[in-house]
Structure formats: C-alpha cells, structure tokens
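What follows is a single structure, written as structure tokens, with notes after it.
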Amino acid sequence: MVRAIVGANWGDEGKGKITDMLAQDSDIIVRFQGGSNAGHTIINNYGRFALHLLPSGVFYGHTTSIIGNGVALNIPYLIKEIRSLVEQGVPEPKVLVSNRAQILMPYHILFDEYEEERLGGKSFGSTKSGIAPFYSDKYAKIGFQVSELFDEAALKEKVVRVCQMKNVMLEHLYHKPAIDPEELYKTLLEYRDMIAPYVCDVSAYLHEALKEGKRVLLEGQLGSLKDPDHGIYPMVTSSSTLAAYGAIGAGIPPYEIKDIITVVKAYSSAVGAGAFVSEIFGDEAEELRKRGGDKGEYGATTGRPRRVGWFDAVASRYGCRIQGATEAALTVLDVLGYLDEIPVCTGYEIDGKVVKDFPVTVELEKAKPVLTKLPGWKCDIRGIKKYEDLPQACRDYIEFIEKEIQTPVTMVSNGPGRDEIIYRNK
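Position in the sequence shown (first residue = 1) + 41 = the numbering used here.
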C-alpha cells in the first residue's frame, strides 16, 4: 500500500510533522523530488530538527528511508545530515539511495548564485541550492547519475567534456573562474566513497517490498503551486511537486498510490517571489508571522521571513484537485486563536469579474482577493484531542474550509508537537 503526502499550496504547509506522524505506521518513506532547497521542521522526543534531504520518517527504528531517483542529490549534504542526527542522539537511520538519482554538483550551486546575481531585480528568489541548474543539466542530459561514479574511465571523460561547456559560460556570461576538471574528478571520487554504502536499485527494492505488502509513504517537497507545469510559472521550483510524480520519482507504478494526503495550512504562507493573492502586509502580517508555526514564519532552509496571508480557498481547492487529494490535513490552526474575526479568500476579482477557478499566472498577477469573514474563537486550542471539544467557531472554520476545498479534512493539527493532532472520521 502506498500513500503520498504532498502540499496544497506554496510549500511550508507543515508536511514534515504529518509525515513524521504517519511514518509510525509505515515501513518505508521515500523522498521523490526536490533537493536540499526546502526544509521540513520536526519536533519529537529527540528535539527539534530541520530536515532538508532526508525523509521525515528517519526517527523510527523500524523504517527505511529512501532517496528516490527524482531527487537532486547533494551527497556531502546528505552525509552531513545523517551525521548530525546521530550526534543529536537519534539512532543511525537505515538509508538507501537510488543508483539512478542524479548528483547535485558543486558548480550547480555556483551557477545558481551567479544567475541570481546576473538577473538582479528580476531574480526568482532562489534559495541558491543549485536546484534549477541541476534539473536543467538533468534534462539537457549532461547530469551525473550515482551509478556513473563507479566507472572511473567513463566518469573522467565525461567530467572533461562537461567542464569544457560549463567553462565557456563561466568565462563569457558570468566572468567567473573556470572549473578545473582534475579537481572536479577528485571531488566526485570522494562523493563515490561517501555514498557507496547507501546505493541501491530502489525501484527493484520497492517492487519487492510492495509484493510483500510493505507500507510505503511518499514524501513530497513544496506544494502544488510550485509545480513547473501546474503552478505559478515561472516562480516555481524545477521538479514536479505533485503526487503523480511520486510514482516516477520513486520508480513504482502509478496505480500503487492509493491515498493522497494533501496538507493544507489554516492560513497562507510562502517563501520566494511570485503571485500571492491573499497576502497581507505591515503590522497585521508581522503579528501573524510572529505567532505562526513553531518558531514563527521563517524559512527552515534560509531563515527568510515568509510572506503570509489569509487562507486562500481558490488556490487550496485547485491545489487539492491537481494533487488528486483523497483527504486533507489542516495544519497550524492553533495560530489563529488570537483573532476576533478571520478573513478567508473565497474568490479572485480579475478585471472586474469574480472567479472561483485558479487562473494562469498572467491572470493571477491581476487578481485581487474577495474576502469572507468568519468569527474567531478567541482561545488557545492546543492540547484538545477530540474534534467535538473544539470551540464551535473553530469547528465552523474547519467545516467552511472543508466545503471550499471539496476534500474531507481528516486531520487537524493544533500544535507543533508530533501528538498535537485531532483525527476526524472521513
């Protein structure tokens, strides 16, 4: 049985906590796309962690954590992350890395920085983790698969060939120092030695695991609106953030995915540039940002203040639909307890007309939010375990969202801790 956990919006929905929680009932957790450019914050008995490459199920002794072929694999970063967990008292996790995963090269990070610098005011707000250059190379077929590290002659020849091409760009476009192929080759041999103990034919491993009835959890990074095909292009990430890609990024048949848990935030937040219709500003935004999440709304990777806004029903309904959500987990509901009334964006006004369907980017840039105000519950709901014990106004807010997103809300998170969750019947 395969379940996927994905985000409905811009990322930052609180997927890490939900994955960590559901990993308890899973045998295998797979990261299927993205790289170390976004983080998942997890709070458990071992402490507080921001994971970037490792799946959020690494804290359980019974689980196997997999880096799938769809991931941008930053090898030294992965090894550092595993070591850092062990240093903080977490038992060494069982980690497998796909032999078909592609390697994030040191020059990808440099090219990311140089391009943002070159674009200046027109930059994409990249985390400068090398993600766009990595996926560009992958699809231009000049990337390096993990398996290639184990054939030295072929690797050396390819390094020389790729460096020739990269050095033309470095010299003539960015006016930066050239890459030394010999140094790069040596670095890749170091990478090989680091990653060798973890390498596996992940697709074959998962094929056998599913035959044996193992429970597999696919963990996505970011959310629907950052998908390069269906998101707010071009202010998107460079790999598909949708559950459908989980099959490709893990190497399993699409029909194996039976349950798609789409994580929806009780208000909106986003890191990076791009259209964000329900965004709020000034003191109102600062208050929500300060109260938000576990330590406020600041990026787990960058520490950047997140942009915040009210719940966007138009974007969230679309996000759930494009993910194929079978159920939704509503997070950070406890944050809103300070408000007398809570605005919800229920439509977009574009050129004088109100629309309910999420538009393409050029239309989205012109959209203004149509707000509906709901009464607040004015109390702290942390610690409540049963849905019926929530204040009436709080239940009304959840049920309003459920109706708007057209997806059953089966879990309500009312605090950052692993056990601060309310289950609802589907």
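The beta carbon of each residue, even a glycine, is placed where N, CA and C say it ideally should be. Note that the structure is predicted; figures quoted are calculated from it, not measured.
**Own chain partners of glutamine 364 with C-beta closer than 7 Å, once the 5 adjacent residues on each side are dropped** = As a first step, residue 364 is located in the sequence shown; it is residue number 323 there, counting from the start. For glutamine 364, where only same-chain residues beyond five positions count, the Cβ hits under 7 Å are Val47, Ala49, Ser265, Leu283, Ala284, Ile301 and Thr303.
**Item:** beta strand (DSSP E) segment containing proline 416, residue limits
**Value:** Counting from 1 along the sequence shown, the entry for residue 416 is found at position 375. Start and end: 409-416.
**Prompt:** Who are the Cβ neighbours of leucine 329 in its own chain at under 6 Å, not counting the five residues just before and after it?
**Reply:** Here residue 329 refers to the residue found at position 288 when the sequence shown is read from its first residue. Val349.
**Request:** Determine the contact status of glycine 388 and valine 403, defining contact as a CB-CB distance below 7 Å.
**Result:** One-based indexing of the sequence shown puts residue 388 at position 347. One-based indexing of the sequence shown puts residue 403 at position 362. It is not a contact, given that the beta carbons lie outside the stated cut-off.
**Request:** Alpha carbon to alpha carbon, how far is asparagine 455 from isoleucine 446? Give it in angstroms, no decimals.
**Result:** Sequence index remark: in the sequence shown, residue 446 carries index 405 (1-based). Sequence index remark: in the sequence shown, residue 455 carries index 414 (1-based). Each residue's alpha carbon lies about 19 Å from the other.
**Message:** Does the contact criterion of 3 or more C-beta pairs under 8 Å hold for the region 91-100 versus the region 121-138?
**Reply:** yes
**Asked** Helix or strand or just coil, what does DSSP make of alanine 498?
**Response** Outside the displayed range of the chain (42 to 467) lies residue 498, so it cannot be described from this structure.
**Request:** Name the residue from Ala311, Tyr438, Pro222 and Val376 whose alpha carbon lies nearest to the alpha carbon of alanine 356.
**Result:** Locating residue 356 in the sequence shown gives position 315, counting from the first residue. Among Ala311, Tyr438, Pro222 and Val376, the Cα nearest to that of alanine 356 is on Ala311.
**Asked** Helix, strand or coil: which one does DSSP assign to threonine 402?
**Response** Numbered from 1 along the sequence shown, position 361 holds the residue referred to as residue 402. Three-state DSSP puts threonine 402 in a helix.
**Message:** Within a Cβ cutoff of 6 Å, which residues of the same chain sit near tyrosine 438, ignoring the five residues on either side of it in sequence?
**Reply:** As a position in the sequence shown, residue 438 is number 397, starting the count at 1. Closer than 6 Å at Cβ, skipping near neighbours: Leu415.
**Prompt:** With C-beta atoms as the reference, is isoleucine 183 less than 7 Å away from alanine 113?
**Reply:** Here the question's residue 183 lines up with position 142 in the sequence shown. Here the question's residue 113 lines up with position 72 in the sequence shown. No, they are not a contact pair.
**Prompt:** From isoleucine 120 to isoleucine 391, what does the alpha carbon distance come to, in whole angstroms?
**Reply:** Residue 120 sits at position 79 when you count from the first residue of the sequence shown. Residue 391 sits at position 350 when you count from the first residue of the sequence shown. Distance between the alpha carbons of isoleucine 120 and isoleucine 391: 48 Å.
**Asked** Terminal residues of the continuous beta strand (DSSP E) containing glutamate 186?
**Response** Translated into the one-based positions of the sequence shown, residue 186 becomes position 145. Before going further, note that residue 186 is glutamine rather than glutamate in the sequence given. Glutamine 186 -> no beta strand (DSSP E), and no H or E assigned at all.
**Asked** For threonine 278, which three-state DSSP category applies?
**Response** Counted from its first residue, the sequence shown places residue 278 at position 237. DSSP places threonine 278 in coil when its eight states are reduced to three.
**Asked** Which one of Arg465, Gly458, Tyr464 and Val43 has the shortest CA to CA distance from alanine 250?
**Response** Here residue 250 refers to the residue found at position 209 when the sequence shown is read from its first residue. For the residues Arg465, Gly458, Tyr464 and Val43, the minimum Cα distance to alanine 250 belongs to Val43.
**Message:** Strictly by DSSP, which residues pair up with lysine 394?
**Reply:** Taking the sequence shown and counting its residues from 1, the one referred to as residue 394 is at position 353. Ile391, per the DSSP bridge assignment.
**Message:** Between Pro238, Ser177 and Asp178, which has its C-alpha nearest serine 479's C-alpha?
**Reply:** Given a span of 42 to 467 for the chain in the structure shown, any question on residue 479 remains unanswerable.
**Asked** How big is the Cα-Cα spacing for lysine 255 and alanine 291?
**Response** Locating residue 255 in the sequence shown gives position 214, counting from the first residue. Locating residue 291 in the sequence shown gives position 250, counting from the first residue. Each residue's alpha carbon lies about 15 Å from the other.
**aspartate 300, DSSP secondary structure in three states** = Mapped onto the sequence shown, residue 300 falls at position 259. Here aspartate 300 sits in strand by DSSP.
**Message:** Taking the beta strand (DSSP E) that arginine 348 belongs to, which residues open and close that run?
**Reply:** Residue mapping note: residue 348 aligns to position 307 of the sequence shown, counting from 1. Note, arginine 348: beta strand (DSSP E), 348-350.
**Item:** Residue environment, aspartate 460, which counts as buried when at least 16 other CB atoms sit within 10 Å
**Value:** Indexing the sequence shown from 1 puts residue 460 at position 419. So aspartate 460 counts as exposed.
**Prompt:** Can you tell which of Tyr286, His248, His271 and Glu440 has its C-alpha closest to the C-alpha of glycine 261?
**Reply:** Taking the first residue of the sequence shown as position 1, residue 261 is located at position 220. Nearest option by C-alpha distance: Tyr286.
**Request:** Give the range of the beta strand (DSSP E) segment to which methionine 452 is assigned.
**Result:** Start at 1 with the first residue of the sequence shown, and residue 452 comes out as number 411. That run of the beta strand (DSSP E) goes 450-454.
**Item:** 7 Å Cβ cutoff met for serine 170 and asparagine 110
**Value:** Against the sequence shown, residue 170 aligns to sequence position 129. Against the sequence shown, residue 110 aligns to sequence position 69. Their beta carbons are not under 7 Å apart, which means serine 170 does not touch asparagine 110 by this criterion.
**Message:** Which of the three DSSP states is assigned to threonine 60 in this structure?
**Reply:** Along the sequence shown, read from residue 1 onward, the residue named residue 60 stands at position 19. Here threonine 60 sits in helix by DSSP.
**Prompt:** Which partner residues does serine 310 have in the DSSP bridge list?
**Reply:** If you number the sequence shown from 1, residue 310 lands on position 269. According to DSSP, which records beta bridges pairwise, serine 310 is partnered with Val349.
**Prompt:** Is the distance from the Cβ of tryptophan 351 to the Cβ of valine 385 below 7 Å?
**Reply:** Stepping through the sequence shown from its first residue, residue 351 is reached at position 310. Stepping through the sequence shown from its first residue, residue 385 is reached at position 344. It is a contact, given that the beta carbons lie within the stated cut-off.
**Message:** For a test of the three-state rule: what should DSSP assign to arginine 141, helix, strand or coil?
**Reply:** In the sequence shown, counting from the first residue as 1, residue 141 sits at position 100. Coil.
**Prompt:** Distance, Cα to Cα, glutamate 156 vs lysine 179?
**Reply:** Looking up residue 156 in the sequence shown gives position 115. Looking up residue 179 in the sequence shown gives position 138. Computed Cα separation, rounded: 18 Å.
**Item:** Beta-carbon proximity of cysteine 420 to glycine 378, cut-off 7 Å
**Value:** Reading the sequence shown from its first residue, position 379 is the one you call residue 420. Reading the sequence shown from its first residue, position 337 is the one you call residue 378. A contact, by the Cβ cut-off of 7 Å.
**Asked** Looking at glutamate 223 and the ligand NAD, is the gap between the Cβ and the nearest heavy atom below 6 Å?
**Response** This structure does not include the ligand NAD; it has no bound ligands of any sort.
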